[in-house]
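In order, the protein sequences belong to chains A and B.
For the first sequence, position 208 matches number 209 in my numbering, and the numbering has no gaps at all.
For the second sequence, position 390 matches number 438 in my numbering, and the numbering has no gaps at all.
Remarks on the structure that follows.
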Amino acid sequence: MASHGIRDKVAIIGMGCTNFGEHWDKSADDMLIESSDAALTNAGIKLDDVDAFWLGTMGSGLSGLTLSRPLKIQHKPVTHVENYCATGSEAFRNACYAVASGAYDIVMAIGVEKLKDSGYSGLVVSAPADDGTKATVTAPASFSLLAPAYANKYGVDDAELKDVLTRIAWKNHRNGALNPRAQFKKEVPMETIACSPLVAGPLGIFDCSGVSDGSAAAIIVRAEDAHKYTDKPLYVKALSFVAGPAAGPIDPAYDYTTFDEVVHSADDAYQQAGITDPRAELAMAEVHDCFTPTELVLMEDLGFAERGTAWKEVLSGTYDLDGELPVNPDGGLKSFGHPIGASGLRMLFECWTQLRGEAGARQIKSIGAGKTKALTHNLGGAPGACVSFVSVVGTELDK
Amino acid sequence: MTGIVAYGSYVPYWRLQRGVITKSLGAGGGKGERAVASFDEDTTSMGVEAARIAMRNAGPNWMPHSLWFATTDPAYLDKTNANTIHAALSLAPSVSALDTVGSVRSGVAAMMGAGSGTAMAVLSDIRTGLPGGADESAGGDAAAAFCFGSEGVIAEVIGGAAATAEFTDRWRQPGDTASKQWEERFGEHAYAPLVDNAFSDALKAAHLAPGDINHAIFAGLHTRAVKAAVKSCGVSADSVVDDLSASIGNPGTAQWGVMLADVLDRAQPGQIIAVVLLADGVNVWLLRTTDAITKYQSRQSAALTVRGQISAGRNDLTYTQFLTWRGFLHREPPRRPEPDRPAGPPSLRSQAWKYGLYGSRDESGFVYLPPARVSMKSGSIDQMEMVRMADVQATIATYTVDRLAYSMSPPVVAAVIDFDGGGRFQCELTDVDPAAVKIGDRVEMTFRRLYTVDGIHNYFWKARPVKAGA
């Protein structure tokens, strides 16, 4: 399979991101206006300068009109993109390819989700008419399947595993407390997390990401044009997107301790970016911590820990803000919140902020000390049947 | 010679102790327990369970020409419920599926229809009444199925008689949740001569005396009239078959069927069985067991006998849960959107999967659930054979307890199960204690009604712990 990538061909020159949260007073339109305007301002350009748009949303609208109507875009291509919870990343990827192809000079990738108008506290998704035989389990339940399988395979007892999951939530809340845009801007004591009401399997409410409203946007240009707009562009090193045969739920060989799709997309992205030792080379990673066991398993799938050891690395603080490889320094889906279509772009927004040294109280030290690359990982679906996206971005052009 | 060649009974997992009713209401209830269909069961799904056991016992060479379903509590009107059973058994399209529903006497029609050839009668009922009433505590939920044919007969029909009369004893209008009854003593009066006439006519025609009867089954919703019939028929006291009212209750249309299954579970060859049904008149059948019954009994799993199923029940069902399941306690629904109704066209296209639990197997032996057209191994298209998984056991690979999912009876226990011989499937577990589930547990498939939306019942399969010894 050929996957050549577009390393250093395009760059981000501006980003915007709304606060995430329960925005009872804002519509999807309001949030699109806010994040796009912030990104344009950040890049120092006007809406008219943008040649084409990629809009990611899973359920907050259909077609390009969802963006062109509120922004009053004057007869430009607007593509609506959907790819489950990786929708925002998919909008970004396709926007990057459009610039790399030479078709456009300046494009916008923007994601939005308005989840809090549904009237329900969890995620609500409508599906095509079917025969009623699809499993009715909720998202937390399908991701909770990872927990007993992981514990069973690696001989971690239930109490120990609960400590590991609790620590992941605790860390992400601690990071989110330093993030003014986060949905939950507060630290939560481990005892509170561990004793929160059960939702599915061993997962309590605090093991689940925040259901929130929000929007994020990026402006992308050819790498050689980037310095016309900013002194500190972010170069796109790798973009990988993988959909698998959804074999986990039908194949007895799948053991619910890994995401095959993530392994494939990570390998592809590392090859595109020329990364051989991700744990050592990356300054930080934003990963899809939709539920705490997901982050645990991702540490191994992304090559941040040997198989069967991520739980120990979590407990020893490897992925803390001041750890060897900070993971989800902005609080992640857990405390920043998870407005589906916006999340992938929100992850890039944190890379943008951190790598440019603008993260304030949560600024990662190793970035000033010379580490220049960051990773985002975004997935959609369920264990054994998901789509996975991995990107690598950096502040330096490779030689 | 035509007769019964196989049978199956189904007693649901849950029991309500009648004392629980008394404790809650300060009235009603009584002694013993009654069987209770779970929130995900109805008369159709219970009928499927009984019919599956009967089909398994009949063996692969027995195929019915028609299927007859009887109940007082049909899941649908206008739409034939027997078709769902037909689909769940994966019977050929050429097999008729017919409902005879509405009264307990409907079961007689199913028996007469099926008994005349190679055919199956399925009797199933859910019986209850208004809270605190006699029907609530005396009722029961169960099903029985009988395969008729002429080869390998274990009980031949040697006679019968009927008596019919129009009288107002018990009635219920369509849509009503409970039936009403005239003063009890009137029914006793009305039934008495009908019992005498039908029973003596049947014995006379078969050249039998009451003392020749080894197993006498007396059934009917009118308890007092049935008791009187036991006395007036003059059968020996030890021939009178336990009506299982202390352990199951009275499952209406299915009552005599379950009692007959219980008798056949232990009858000796050459014994005479009398069935006397009091239901808007009286119907009597006389059967004689054959030598084949001994071998049949030795093949049947003890866990699947009526007594085996009674002893495997769980009797800590709360009264409030019982009332909720039967629709008498209107509770706050889950704060999740209702599931979508199952759509007609996709359900027809996937009939083999949805109702028959068929998967597909590719050239390499990999089994796909639901059936796939493209091989994940070779990429070949439509090189599959269909395989029925409904009767294959499986092992739990991983599981979770979902406290958020929409359910009539939360929490939902979901598991990933691996079938013996290949095939993985993610489904709900039912009839299970959430705290007791473990990786490696053995499960078997059971046909259930998942939920009902817009009046459409969503039937599909769940897994349950393997019944001991099954």
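Glycine is no exception: its CB is placed at the ideal position from the N, C-alpha and C atoms.
Less than 8 Å between CB atoms is the rule here; does residue i satisfy it with respect to chain B?
i	result
L199(A)	yes
T259(A)	no
D252(A)	yes
L56(A)	no
P149(A)	yes
G133(A)	yes
S145(A)	yes
Y85(A)	no
T293(A)	no
V125(A)	yes
A218(A)	no
A195(A)	no
A128(A)	yes
With distances taken between CB atoms, is the gap from residue i to residue j smaller than 8 Å?
i	j	result
D173(B)	A302(B)	yes
T137(A)	A442(B)	no
M432(B)	D410(B)	yes
L171(B)	G305(B)	yes
H289(A)	L334(A)	yes
A351(B)	K515(B)	yes
A130(B)	D147(B)	yes
I341(B)	V311(B)	no
E354(A)	T373(A)	With the sequence shown as reference, residue 354(A) is identified as Thr, and Glu is not the correct amino acid for it. In this structure, T373(A) does not lie closer than 8 Å to T354(A) by Cβ.
H24(A)	M16(A)	no
R8(A)	D399(A)	yes
F292(A)	A183(A)	no
Rounding to the nearest angstrom, what Cα-Cα distance links residue i and residue j in this structure?
i	j	result
Y58(B)	S395(B)	26 Å
A518(B)	L251(B)	Its pLDDT being 48, under 50, A518(B) is placed unreliably by the model, and nothing is read from it.
V388(A)	T88(A)	10 Å
D269(A)	L299(A)	16 Å
M424(B)	L166(A)	34 Å
E214(B)	G197(B)	34 Å
F247(B)	G404(B)	42 Å
V1(A)	A244(A)	No answer is possible for residue 1(A): the residues shown for chain A start at 2 and end at 400.
W219(A)	F185(A)	For the sequence presented, residue 219(A) should be read as Ala rather than Trp. Each residue's alpha carbon lies about 24 Å from the other.
V461(B)	D489(B)	13 Å
G329(B)	L242(B)	6 Å
D252(A)	A306(A)	26 Å
F117(B)	E192(A)	57 Å
V156(B)	I52(B)	15 Å
R336(B)	V201(B)	10 Å
L137(B)	A276(B)	40 Å
V152(B)	G300(B)	6 Å
Spell out whether any CB of chain A is found under 8 Å from the CB atom of residue i.
i	result
R454(B)	It is worth fixing the name first, because residue 454(B) is Tyr in this sequence and not Arg. So, interface residue.
I133(B)	no
K402(B)	yes
I508(B)	The amino acid occupying residue 508(B) in the given sequence is Phe; Ile does not appear at that position. By this cut-off, F508(B) is an interface position.
V449(B)	yes
D502(B)	no
R384(B)	yes
A518(B)	Low confidence applies here, because A518(B) scores a pLDDT of 48, under 50, leaving its location unreliable; read the following figure in that light. It does not; no Cβ of chain A falls within 8 Å.
L251(B)	no
T446(B)	yes
M434(B)	no
A309(B)	no
Would you list the residues sitting across from residue i in a DSSP beta bridge?
i	result
G22(A)	D214(A)
A192(B)	S57(B), L171(B)
N506(B)	Y499(B)
H378(A)	V391(A)
A240(A)	The residue asked about is misnamed: residue 240(A) is Leu in this sequence, not Ala. Answer by DSSP bridge pairing, in chain order: S392(A).
S408(B)	Y416(B), M434(B)
Strictly below 8 Å CB to CB, what residues from chain D border residue i?
i	result
V464(B)	Included in the structure are the protein chains A and B, with no chain D among them.
Is residue i near the ligand PLP, judged by its Cβ being under 7 Å from some heavy atom?
i	result
L41(A)	With respect to the ligand PLP, the structure shown offers nothing to examine, as it has no ligands at all.
Query - Those runs of the beta strand (DSSP E) which lie wholly inside the stretch 448-484 of chain B and span at least 3 residues - result: Whole beta strand (DSSP E) segments, 3+ residues: 460-467, 472-477.
Query raised in the report: Which full runs of the alpha helix (DSSP H) of 4+ residues lie inside the stretch 250-327 of chain B, going along the chain?
Result: Taking only runs of at least 4 residues, the alpha helix (DSSP H) segments lying wholly in the stretch 250-327 of chain B are 271-281, 303-312.
Query - Secondary structure, beta strand (DSSP E): runs of 3+ residues fully inside the stretch 255-339 of chain A - result: Correct list: 285-287.
Requested in this report: Would you mind listing the alpha helix (DSSP H) stretches within the stretch 140-214 of chain A that are 4+ residues and don't spill past its ends, in chain order?
Outcome: For the stretch 140-214 of chain A, the full-length alpha helix (DSSP H) segments reaching 4 residues or more read 140-145, 147-155, 159-177, 191-195 along the chain.
Query - Inside the stretch 51-99 of chain B only - beta strand (DSSP E) runs reaching at least 3 residues - result: Counting only runs of 3+ residues, the beta strand (DSSP E) found wholly inside the stretch 51-99 of chain B occupies 51-58, 62-65, 81-84, in chain order.
Requested in this report: Please specify which runs of the alpha helix (DSSP H), each continuous and at least 4 residues long, are wholly inside the stretch 340-367 of chain A, giving them in chain order.
Outcome: List check, alpha helix (DSSP H) in window: 341-356.
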